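Peer 1:
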Amino acid sequence: MSRRSAAGSPAPLSLVKRRRRQSHGHKVSLEKIVGLTCVTSNGLSVSSETGCVTYPAGCVAVLHLPNANGRQLHILNTTKKPISAVCLSPDGKYLAIGEYGHQPSVQVWNVAGSPSHVSELKAHKYGVQCMAFSPSMKYLVSVGYQHDMHIHVWNWKSGHRVATNKITSKVYGLSFSEDGKYFVTAGNRRVRFWTMLPSGREENHTAPLKGRSAVLGDLQDNCFVAVECGRGSISSYTYVLTRTGVLCKFGHDRSLDQFVNVQARPGRSLSLCESYIICGCGEGVVRLFDPCTLDYLLTVPLPHPLGVDVALPLNPSQQNEGEKYPDTVATALDFNHKRLSVVYSDHSHYVWDVGNLRQIRKTHSSLHHSACIWDLCLYPSPPEGGVLPPSTLVTCSTDNTARFWSMDTPGLARQASSLVRNVYSKELKRVIYTSSDLSSLSDASKYPGDASAVADMQRGVRCAKFHPRGHQLALGDRAGNIRVYELQFMDVVFQVEAHDSEVLCIEYSPLSDGLQFMCSASRDRLIHVFTAGEHYQHVQTIDDHSASITALRFTVRGDLQLLSCGADKSIMFRTLQKSPGPEFQRTSHIACKSSIYDMDIDVVGKHMVTAGQDRLLRVYQLSSGKQKAVIKASTGDEGSLIKVAMDPSGLYVACSSSDKTVSLFDFYSGECLAKLYGHSEVVTQVKFSTDCRFLYSVSGDGCIFIWHLSEDLTQTMHDRLTEIGAPVTAPLQLAPIKAPPSSPLRRETYFVSKERGTPAGSEEIDSSDDGHFRLSVSQLPAWAKRHVQARPSIAQSFSTSSLEKAGVEGGRDEGGGVEGRWAERVARDPDVPLLNRTASAPDVTITVIDLTSPEKEKRNEDEDGDVFFPPPVTPAVDPRSHTSSNLTLPSLSLSLSPQWVQGHHTKEEGKEQTSGRLRS
Numbered sequence: 001m002s003r004r005s006a007a008g009s010p011a012p013l014s015l016v017k018r019r020r021r022q023s024h025g026h027k028v029s030l031e032k033i034v035g036l037t038c039v040t041s042n043g044l045s046v047s048s049e050t051g052c053v054t055y056p057a058g059c060v061a062v063l064h065l066p067n068a069n070g071r072q073l074h075i076l077n078t079t080k081k082p083i084s085a086v087c088l089s090p091d092g093k094y095l096a097i098g099e100y101g102h103q104p105s106v107q108v109w110n111v112a113g114s115p116s117h118v119s120e121l122k123a124h125k126y127g128v129q130c131m132a133f134s135p136s137m138k139y140l141v142s143v144g145y146q147h148d149m150h151i152h153v154w155n156w157k158s159g160h161r162v163a164t165n166k167i168t169s170k171v172y173g174l175s176f177s178e179d180g181k182y183f184v185t186a187g188n189r190r191v192r193f194w195t196m197l198p199s200g201r202e203e204n205h206t207a208p209l210k211g212r213s214a215v216l217g218d219l220q221d222n223c224f225v226a227v228e229c230g231r232g233s234i235s236s237y238t239y240v241l242t243r244t245g246v247l248c249k250f251g252h253d254r255s256l257d258q259f260v261n262v263q264a265r266p267g268r269s270l271s272l273c274e275s276y277i278i279c280g281c282g283e284g285v286v287r288l289f290d291p292c293t294l295d296y297l298l299t300v301p302l303p304h305p306l307g308v309d310v311a312l313p314l315n316p317s318q319q320n321e322g323e324k325y326p327d328t329v330a331t332a333l334d335f336n337h338k339r340l341s342v343v344y345s346d347h348s349h350y351v352w353d354v355g356n357l358r359q360i361r362k363t364h365s366s367l368h369h370s371a372c373i374w375d376l377c378l379y380p381s382p383p384e385g386g387v388l389p390p391s392t393l394v395t396c397s398t399d400n401t402a403r404f405w406s407m408d409t410p411g412l413a414r415q416a417s418s419l420v421r422n423v424y425s426k427e428l429k430r431v432i433y434t435s436s437d438l439s440s441l442s443d444a445s446k447y448p449g450d451a452s453a454v455a456d457m458q459r460g461v462r463c464a465k466f467h468p469r470g471h472q473l474a475l476g477d478r479a480g481n482i483r484v485y486e487l488q489f490m491d492v493v494f495q496v497e498a499h500d501s502e503v504l505c506i507e508y509s510p511l512s513d514g515l516q517f518m519c520s521a522s523r524d525r526l527i528h529v530f531t532a533g534e535h536y537q538h539v540q541t542i543d544d545h546s547a548s549i550t551a552l553r554f555t556v557r558g559d560l561q562l563l564s565c566g567a568d569k570s571i572m573f574r575t576l577q578k579s580p581g582p583e584f585q586r587t588s589h590i591a592c593k594s595s596i597y598d599m600d601i602d603v604v605g606k607h608m609v610t611a612g613q614d615r616l617l618r619v620y621q622l623s624s625g626k627q628k629a630v631i632k633a634s635t636g637d638e639g640s641l642i643k644v645a646m647d648p649s650g651l652y653v654a655c656s657s658s659d660k661t662v663s664l665f666d667f668y669s670g671e672c673l674a675k676l677y678g679h680s681e682v683v684t685q686v687k688f689s690t691d692c693r694f695l696y697s698v699s700g701d702g703c704i705f706i707w708h709l710s711e712d713l714t715q716t717m718h719d720r721l722t723e724i725g726a727p728v729t730a731p732l733q734l735a736p737i738k739a740p741p742s743s744p745l746r747r748e749t750y751f752v753s754k755e756r757g758t759p760a761g762s763e764e765i766d767s768s769d770d771g772h773f774r775l776s777v778s779q780l781p782a783w784a785k786r787h788v789q790a791r792p793s794i795a796q797s798f799s800t801s802s803l804e805k806a807g808v809e810g811g812r813d814e815g816g817g818v819e820g821r822w823a824e825r826v827a828r829d830p831d832v833p834l835l836n837r838t839a840s841a842p843d844v845t846i847t848v849i850d851l852t853s854p855e856k857e858k859r860n861e862d863e864d865g866d867v868f869f870p871p872p873v874t875p876a877v878d879p880r881s882h883t884s885s886n887l888t889l890p891s892l893s894l895s896l897s898p899q900w901v902q903g904h905h906t907k908e909e910g911k912e913q914t915s916g917r918l919r920s
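In terms of full-length UniProt numbering, the sequence shown is residues 1 to 920.
#1: Using the Cβ count rule (16 or more neighbours within 10 Å means buried), how would you classify residue 593?
#2: I'd like the list of long-range same chain contacts for residue 222, defined as Cβ closer than 8 Å, with 5 residues on each side in sequence excluded.
#3: Could you tell me how far apart the beta carbons of residue 434 and residue 505 are, in whole angstroms, since I believe they sit closer than 8 Å?
#4: Can you tell me the Cα-Cα spacing of residue 379 and residue 474, whole angstroms?
#5: Measure the alpha-carbon distance for residue 356 versus residue 109 and round it to whole angstroms.
#6: In angstroms, rounded to a whole number, what distance separates the CA positions of residue 575 and residue 467?
#7: Quick check on the DSSP output: the alpha helix (DSSP H) that includes residue 715 runs from which residue to which?
#8: How many Å lie between residue 95 and residue 542 at the Cα?
#9: Using the C-alpha atoms, what's the distance from residue 39 back to residue 152?
#10: I'd like the list of long-range same chain contacts for residue 57, defined as Cβ closer than 7 Å, with 5 residues on each side in sequence excluded.
#11: Rounded to the nearest angstrom, what separates residue 281 and residue 445 at their Cα positions?
#12: According to DSSP, which residues form a beta bridge with residue 76?
#13: Would you call the region 335-352 in contact with the region 366-379, where contact means no fewer than 3 C-beta pairs closer than 8 Å?
#14: Express the C-alpha separation of residue 193 and residue 278 in angstroms, rounding to a whole number.
#15: Hey, could you find the ends of the beta strand (DSSP E) residue 183 is sitting in?
#16: What's the C-alpha gap between residue 239 and residue 178?
#17: At which residues does the beta strand (DSSP E) containing residue 176 begin and terminate?
#18: Helix or strand or just coil, what does DSSP make of residue 336?
#19: Pick helix, strand or coil for residue 41, following the three-state DSSP scheme.
#20: Does the distance from the CB of residue 573 to the CB of residue 510 come in under 8 Å?
#21: Note down, in chain order, each residue of its chain lying with its Cβ closer than 7 Å to the Cβ of residue 85, except the 5 sequence neighbours on either side.
#22: For residue 229, which residues does DSSP report across the bridge?
#23: Touch check for the region 59-66 and the region 684-693: three-plus C-beta pairs under 8 Å?
#24: According to DSSP, is residue 208 part of a helix, a strand, or is it coil?
#25: On the DSSP bridge list, what partners appear for residue 249?
#26: Cutting at 7 Å between CB atoms, please list the residues of its own chain near residue 182, excluding the five before and the five after it.
#27: Among the candidates 502, 472, 481, whose CA atom is the shortest distance from the CA of residue 508?
#28: Can you grab the Cα-Cα spacing for the pair residue 229 / residue 295, in whole Å?
#29: Assuming residue 185 and residue 269 are in contact, meaning their beta carbons sit under 8 Å apart, how far apart are those beta carbons, in whole angstroms?
#30: Any chance you could list the beta strand (DSSP E) runs of at least 3 consecutive residues sitting entirely within the region 602-689, in chain order?
#31: May I ask you to verify whether the region 600-619 touches the region 655-668, counting CB pairs closer than 8 Å and requiring at least 3?
#32: Can you tell me whether DSSP reads residue 600 as helix, strand or coil?
#33: Going by DSSP, what residue range makes up the beta strand (DSSP E) through residue 696?
#34: Please confirm whether residue 497 and residue 522 have their CB atoms less than 8 Å apart.
#35: Have a look at residue 438 and residue 307 and give me their C-alpha separation to the nearest angstrom.
#36: Where are the beta strand (DSSP E) runs, 3 residues long or more, that stay fully inside the region 105-174, in chain order?
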């Protein structure tokens with residue numbers, strides 16, 4: 001990882017050394033996933049032997065253990081492709097994972113003990129629709145997507161494909177007979193019985209798979225969405241459910257024996273045991289029928305209605321007229337333990353105890369987001385105490401909701417709050433619905449990766465931010481509206497149609513005795529500033545960006561400063577002017593090389609890190625605006641960084657990329673500590689927990705991933721918080737630093753050290769400076785010493801001897817006149833700390849550092865304890881013979897490229913070198 005030298009960091013050298021000596025083993029592990037991506041009946045599987053329930057969550061297969069207090073095991077797909085189907089073997093020891101995307105495969109894992117990969121089966125082209133193990137567990141059948149048009153039979157242990165055939169219509173379901181002699185597929189206008197190969201047949205080559213269609217009779221025009229073969233006394237029957245809600249029973253001769261209308265549509269899933277058949281349909285209806293006579297038995301209690309207030313102490317079995325319920329997507333029956341797992345279209349998961357049909361009860365339920373999660377915000381710890389627990393976080397989504405989650409942290413005392421336990425979900429505590437349109441709460445995807453189910457661009461909550469006092473929450477939606485909620489009773493205290501496009505960011509100013517501000521930024525290139533006291537009032541609109549504004553941050557540097565970045569490749573610094581009225585005036589401008597998508601400020605307010613389109617994390621010093629370090633966060637040539645976040649101690653930085661990964665870096669050395677994958681869509685936000693134990697990530701797949709940080713990382717962050725005197729779970733205030741005065745806007749930022757004799761490769765920052773933005777000669781233009789006397793205001797800063805030694809005699813010069821806003825500022829403002837008008841004129845020292853030499857691999861450390869590792873660059877020639885000058889400039893350190901030196905010596909060959917002349 002490439003790094004430049006930096007200054008101003010508060011990390012002590014001993015702490016950095018200790019951290020670098022630690023072993024970089026498994027720094028981060030996946031702790032828990034809140035959410036799922038099951039959209040078909042093939043995305044849910046259960047083992048009757050172990051009771052384990054399996055479903056996909058992005059690129060991870062989650063093994064949910066209801067008997068182990070809801071504990072989760074995770075199988076991360078090694079190919080990093082999203083999961084379309086899962087299937088557990090009859091004994092529950094093996095798990096088959098089907099992928100979708102380019103060149104998908106079927107992955108088989110051993111999950112009996114520590115998960116281990118068994119085999120990878122490649123033959124499909126677009127996606128795996130469904131899978132099934134044979135009862136003997138010797139074979140595995142996989143069916144591809146509609147355009148794949150193939151069905152394969154595998155000897156999954158050896159990885160050999162023993163039989164294959166083409167399919168002409170889309171297949172929705174697959175089931176093996178109890179004796180394993182045949183399996184049945186159900187699809188569009190077709191139910192087909194496929195005969196397995198004789199057991200003694202040689203398997204060293206792929207044979208054609210033979211099948212015969214069932215006699216459908218009057219139901220030949222139906223779409224068959226689910227199929228199950230009988231067990232035990234009903235093993236000679238095959239049951240199929242149509243999309244129109246018709247349950248069919250086929251005999252051993254493939255003829256239609258009987259059918260019944262389940263009085264609910266659409267039909268979605270089918271499960272059975274010897275005692276009953278379970279049909280999952282629309283509007284949350286799950287009905288049970290007798291397998292022999294197809295007589296109706298009962299209906300499972302409905303789940304929660306769409307738009308339910310989870311904080312109300314209601315039972316899911318209580319139903320009211322006029323309420324809408326989510327459709328049933330998948331059902332899976334554990335017939336040994338009499339547990340029925342059901343997934344609904346709003347991505348909720350229920351487990352029903354059906355042991356006693358007269359009294360069906362719910363044993364587990366969890367509610368999740370049903371669409372893309374755009375933002376995640378952690379609840380602060382206000383000084384006077386908040387209304388929510390300290391482990392609370394809020395997420396906002398395209399489903400028009402903001403959801404409060406309580407991730408209980410061991411060791412933290414529970415406190416009274418407005419969030420109480422509910423009967424619907426253990427983690428979800430409250431939901432804010434921003435729209436009365438309930439259709440957004442259900443996932444309309446017909447299959448995994450369904451592009452036709454993309455949500456409306458004007459729908460959903462885009463960003464969220466807690467008030468620093470912890471009593472309010474501000475939400476910005478994709479239509480440009482801003483709503484502020486009071487957290488005690490969830491009342492809207494402020495609402496405004498602020499922007500013409502989606503609100504990309506909302507930020508509150510830090511707590512102070514003065515005015516409190518809330519700012520919003522949007523894709524419409526505007527920033528609106530509101531007072532955030534007892535009443536919200538608009539005070540200013542800022543329109544100096546030329547493209548979408550992607551992030552806002554406040555910092556305290558004497559006066560309050562507002563920072564913004566955007567797609568126009570710029571970072572703006574604005575300082576609060578309190579008279580005649582509160583107004584943020586732009587004081588500085590950093591021009592970047594690519595679009596900036598996010599930024600964050602470290603705990604003490606000395607550094608800012610940005611993430612942008614160039615896949616680089618750039619670190620800037622806030623006191624000068626100078627770039628101090630660069631971390632290469634992506635090794636690929638495509639994509640960009642989306643979000644960046646620093647941990648509460650300022651030692652580590654996490655960023656998300658468009659390649660659906662999350663990376664964790666050491667902020668000082670630039671070392672990549674972990675690269676995390678598992679999301680199936682772009683990661684839209686990453687945050688560290690306030691107790692430094694977890695890293696949260698949310699994505700377009702609607703899942704929240706909770707990553708557990710190793711003990712050494714957590715302990716290092718706790719040690720750092722102790723050193724700077726900050727509590728572990730309290731909000732960290734920025735260290736007050738004096739703000740720079742208003743100055744003309746510039747496209748570049750320069751810096752000159754106050755002290756002379758700064759060691760090469762480091763820059764000393766005096767914490768007692770006067771707060772001015774200093775000018776640096778790191779890129780001094782060529783006109784700086786040409787025609788100096790062309791402007792008397794500049795010439796008077798130099799003594800006569802200095803001008804003579806610099807090659808300027810009586811107004812004679814070799815180049816053009818001084819020009820540009822940089823020179824004009826020096827002429828206009830005598831307080832610019834660039835030239836010493838009274839002190840004696842020391843020589844300018846030009847020191848060239850060869851960073852590729854072994855001795856230059858050492859770390860550069862400044863007076864504040866900053867430790868940085870400079871990047872390897874092209875060796876530079878040392879022109880130390882040209883080091884004398886009478887210009888009143890402090891000591892400088894420049895790195896000159898060999899190309900410049902070669903051209904310089906060629907041009908000046910045979911002439912006496914003028915000491916102190918600088919060339920850009």
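Glycine included, C-beta positions come from ideal geometry on N, C-alpha and C.
Please read these numbers as outputs of a predicted model, since none were measured by experiment.
Peer 2: Put simply:
#1: exposed
#2: 189, 216, 242, 243, 244, 246
#3: Actually they are not in contact, since the Cβ atoms of residue 434 and residue 505 sit about 17 Å apart, beyond 8 Å.
#4: 12 Å
#5: Looking at the two C-alpha atoms, the distance is approximately 35 Å.
#6: 21 Å
#7: 711-723
#8: 56 Å
#9: 23 Å
#10: 33, 35, 36, 37, 703
#11: Cα to Cα, the separation comes out at about 16 Å.
#12: Residue 76 pairs with 60.
#13: With a cut-off of 8 Å, the region 366-379 and the region 335-352 count as touching, because enough Cβ pairs lie within range.
#14: 22 Å
#15: 182-187 is the extent of the beta strand (DSSP E) around residue 183.
#16: 13 Å
#17: 171-176
#18: If DSSP states are grouped into helix, strand and coil, residue 336 belongs with coil.
#19: Secondary structure at residue 41: helix, using DSSP grouped into helix, strand and coil.
#20: Result no, Cβ atoms of residue 573 and residue 510 do not sit closer than 8 Å.
#21: 42, 43, 98, 128, 129, 130, 131
#22: 238
#23: no
#24: strand
#25: Here residue 249 is bridged, per DSSP, to 239, 258.
#26: 193, 194, 195, 196
#27: 472
#28: 18 Å
#29: Between residue 269 and residue 185 the Cβ distance is about 15 Å, and since that is not below 8 Å, they are no contact.
#30: List check, beta strand (DSSP E) in window: 607-612, 616-621, 627-632, 641-646, 652-657, 661-666, 672-677, 683-688.
#31: yes
#32: strand
#33: Residues 694-699.
#34: no
#35: 7 Å
#36: 105-110, 116-122, 128-133, 140-144, 150-155, 160-166
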